[in-house]
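To start, the structure itself, in structure tokens.
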Ligand code: F0G
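Numbering (the numbering used here), first residue to last: 1464 to 1934.
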């Protein structure tokens, strides 16, 4: 960084989307009308939108240009082959199915892998357990809808905010193997490696850990799926932190990481930088039967398997975005921007999970100790942040975790975190300073922030539509 205090944005902005500031009085009214649920706000009423980094970022010139070259043929489009060849080049995977987004890939591979176990081994899916370093909500939800139990096997300090460690997204490999033996390996239809681990704070997984996990999977004949939304950020952390990778390119680290999986599922809305799109890819012929079954299910759920849920131009745009998302300078800037935000928050006494890939995760439980978990401190903090500054964010917390469908009891949650997700190349350092200033105001008033209670609570995926009021 030579003599500069921070890395400036490595791009010029060419298109402007105006946003407006509103009054506190107006924001108090609309958040109350939205049932104290930021998901129900209109984006017109949001000044800085940190709800998600998914499909919300800027696109590159290359991506815009590629979009114009779309071949919209119903089957076998040229754009499909460009995407397929790009996947082969970047990840080394032979077979590709485009999907409309990440969960489009999940709704195909999850039932296919479960059915494969049922058919081949005559097993009951009710006894099946799937493992991950940490399942993203939709991966968890679709596994459960398909009859399996889920089990997260993360490192024990993953949610301990006081612990800093290079690869907090890692699997606990001992626990993974122990649990596989407990349930019986034949009852494990797949393992999901989520890189980076969104739910533990955008924390990376090391090559060493992926390798160890894959050895265990192979020993017990269990297919491994790489949940690849933030693959490039993960590769950047490996380059910066894992011994032996300092002089290896993001491209070569990515190629190596994907040796330790059999199937790639991707929400292309993150590191591939597109507003919409996803991928489901199979490494080689060892799971050719899975590819064939997935193609069939794709026809019914997403579209003909050479377009999935996507138009030709969108497939070209993913191909370009996969390359641009791996740019070394871009990744260095992006990770530095998250670190800048976390440093700024910590400096004013707002404690955060150590800086990860795509977001800052504020410890809302620590900031609002007078609000118990069942009154949702992270959601209360989100509402206060919106009232104070028009900033929108979401909790990775008890509110999101929901209830056990069998007992109706609130599921325990390892931490009450507020996620400030940073859309790609969209907000500047000045916006980050504004967020930090807003937190100072929120912190000084924190004792007056009240917990929340439901006025309407849906049974599943409640965080999207629930309504609450202040206690
Ligand atoms: N896997 C991970 C790790 C994710 O973070 C997401 C989405 C998905 C799968 C599903 O992909 O949205 O394209 O269907 N995460 C978004 C977020 C929604 O805000 O973190 P999708």
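Ideal Cβ placement from N, Cα and C applies to all residues, glycine included.
For the beta strand (DSSP E) containing residue i, name the first residue and the last one.
i: residue 1688; result: 1687-1690
i: residue 1652; result: Premise fails: residue 1652 is in no beta strand (DSSP E) and is neither H nor E.
i: residue 1826; result: 1822-1826
i: residue 1559; result: 1558-1562
i: residue 1745; result: 1741-1745
i: residue 1595; result: 1592-1595
Once DSSP output is grouped into helix, strand and coil, what is the label at residue i?
i: residue 1523; result: coil
i: residue 1548; result: helix
i: residue 1917; result: strand
i: residue 1699; result: helix
i: residue 1634; result: strand
i: residue 1778; result: helix
i: residue 1869; result: coil
i: residue 1855; result: strand
i: residue 1726; result: strand
i: residue 1896; result: helix
i: residue 1932; result: strand
i: residue 1876; result: coil
i: residue 1466; result: coil
i: residue 1694; result: helix
i: residue 1503; result: helix
i: residue 1681; result: helix
i: residue 1512; result: strand
i: residue 1666; result: strand
i: residue 1882; result: strand
i: residue 1628; result: coil
i: residue 1814; result: coil
i: residue 1517; result: coil
Could you please give the first and the last residue of the uninterrupted alpha helix (DSSP H) stretch that includes residue i?
i: residue 1615; result: Unbroken run through residue 1615 is the beta strand (DSSP E), 1612-1615; no alpha helix (DSSP H).
i: residue 1578; result: 1565-1584
i: residue 1718; result: 1713-1720
i: residue 1487; result: 1487-1496
i: residue 1797; result: 1791-1810
i: residue 1753; result: 1751-1764
i: residue 1604; result: 1600-1608
i: residue 1416; result: Residue 1416 lies beyond the range of the chain shown here (1464 to 1934); nothing can be said about it.
Is residue i close to ligand 1? I mean its beta-carbon at under 6 Å from any heavy atom of the ligand.
i: residue 1595; result: no
i: residue 1928; result: no
i: residue 1690; result: yes
i: residue 1732; result: yes
i: residue 1564; result: yes
i: residue 1519; result: no
i: residue 1599; result: yes
i: residue 1891; result: no
i: residue 1505; result: no
i: residue 1657; result: yes
i: residue 1606; result: no
i: residue 1715; result: no
i: residue 1806; result: no
i: residue 1661; result: yes
i: residue 1861; result: no
i: residue 1515; result: yes
Check your understanding: Do three or more CB pairs link the stretch 1648-1658 to the stretch 1512-1523 at distances below 8 Å?
Key -> no
Point to revise | contact_flag[the stretch 1700-1713, the stretch 1660-1678] where n(CB pairs < 8 Å) is 3 or more | key: yes
**Study point:** Inter-stretch contact at 8 Å, needing at least 3 Cβ pairs: the stretch 1765-1784 / the stretch 1567-1574
**Key:** yes
Exercise for review: Check whether the stretch 1844-1859 touches the stretch 1793-1810, taking contact to mean three or more Cβ pairs, one atom from each stretch, closer than 8 Å.
Suggested key: no
Review point. Are the stretch 1822-1839 and the stretch 1483-1496 touching, with three or more C-beta to C-beta distances below 8 Å?
Key: no
**Study point:** Three CB pairs or more closer than 8 Å across the stretch 1912-1921 and the stretch 1536-1550
**Key:** no
Review point. Are the stretch 1781-1793 and the stretch 1805-1821 in contact at 8 Å, needing three or more beta carbon pairs?
Key: no
Review point. Are at least three pairs of beta-carbons, each pair with one atom in the stretch 1497-1511 and one in the stretch 1825-1837, less than 8 Å apart?
Key: no
**Study point:** Contact between the stretch 1616-1636 and the stretch 1660-1667 (3+ Cβ pairs under 8 Å)
**Key:** yes
Exercise for review: May I ask you to verify whether the stretch 1864-1872 touches the stretch 1902-1918, counting CB pairs closer than 8 Å and requiring at least 3?
Suggested key: no
Exercise for review: State whether the stretch 1586-1596 contacts the stretch 1715-1725, with contact taken as three or more CB pairs (one from each stretch) at a distance under 8 Å.
Suggested key: no
Point to revise | contact_flag[the stretch 1899-1906, the stretch 1470-1485] where n(CB pairs < 8 Å) is 3 or more | key: no
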